[in-house]
Ligand code: KG4
Ligand code: ZN
């Protein structure tokens, strides 16, 4: 079976062709980062319009790279939600129309299920069950994953997502949007021991997160500090250390609570090298295993949507003829395969 996957939930246009026997045949990504940089965040209307411009050329390129004709495609998967409604509708309309024209089924994919299953694109893939830490720009959650579609949310952010906290703090430090990777880079030249940020909600039981306090703490710290490059790097270091530490504490708790020994991390923030290495160290100590997607599939991409869509299509899930988007959509409401 061969699936065309389309991702347009936010500011990345992603397209991929995935074959269940041959693996990933092509993937294309266009990032709108430059378009939104001047505004310091994603402007939804600009995002939708740019998806309209970029999506069809990217599909053509992916089909060409995969050496595919429309006849070779058995289904079209698209991100149905959660995300920006206008952006989602672009992917949804194109996917639904192409599937209709090609006489194949269309299948709507939950964006976070796409992230969650992204490590399955690589070898070795994690086996079920596992605990998943999903950390993106819009979501932060710990999930008990017993199988595809069997998701129990163990904890989630009560305010900002981890990526959002990275982006907002980066902005306070004068970095461009999206600031997460830039803040991480600045932190590389920071020195430990100069600043100490809180580890929110770790002093009480439970698996929920709260990151908005860290951003406020960063704002106050920056206001009181000198504006020299080394000081800014030291603040970035302390902020990143606090986020990573908090995530580690909660992951350890989730593993203990569920009795599971396998951890999967996914979503944009899973590209953070400090987080990856700290989780690796923790799992060695706990005699468990950690899995994460390859760097390019941590952030939004079409490959994860093609993969998740294939699993759902194989289980018989198909969309009707209407174009649908679901900007708000609970991960727990998905059906088990
Ligand atoms: O999953 P994603 O591409 O989009 C959403 O679904 O939200 O995640 C994007 C988020 C942004 O907030 C970005 O700053 C953050 O992931 N991010 C990082 C890193 N790379 C991306 N945060 C920290 N360190 C990184 N290396
Ligand atoms: Zn995402």
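Numbering (our numbering), first residue to last: 1 to 337.
Even glycine gets a Cβ: it sits at the ideal position worked out from N, Cα and C.
- Membership of residue 220 in the alpha helix (DSSP H) is indicated by the continuous run 212 to 224.
- In this structure the region 124 to 137 does not lie against the region 90 to 103, because fewer than three pairs of beta carbons, one per stretch, are closer than 8 Å.
- Boundaries for residue 28: no alpha helix (DSSP H) harbours it, while the beta strand (DSSP E) harbouring it runs 23 to 31, taken from the DSSP string.
- For residue 56, the number of other beta carbons within 10 angstroms of its own is below 16, and it is reported as exposed.
- Within the DSSP bridge table, the entry for residue 3 names 18, 75 as partners.
- Taking residue 191 as reference, the option from 314, 272, 241 with the minimal CA-CA separation is 241.
- Here residue 168 is buried, its C-beta having at least 16 other C-beta atoms within 10 Å.
- The beta carbon of residue 208 sits closer than 8 Å to those of 155, 156, 157, 158, 201, all from its chain and outside the five residues before and after it, given in chain order.
- Within the chosen limit of 7 Å, the ligand ZN does not reach the beta carbon of residue 330 with any heavy atom.
- Selection 307, 325, 262 evaluated against residue 126 yields 262 as nearest (Cα-Cα).
- Here residue 247 has no same chain residue with a Cβ atom under 6 Å from its own Cβ, once five neighbours each way along the sequence are excluded.
- Chain order is used for the residues whose beta-carbon lies nearer than 5 Å to a heavy atom of the ligand ZN, namely 136, 300.
- According to the DSSP secondary-structure assignment, residue 13 is paired through a beta bridge with 30.
- If you check the C-beta of residue 167 against the ligand KG4, you find a heavy atom less than 7 Å away.
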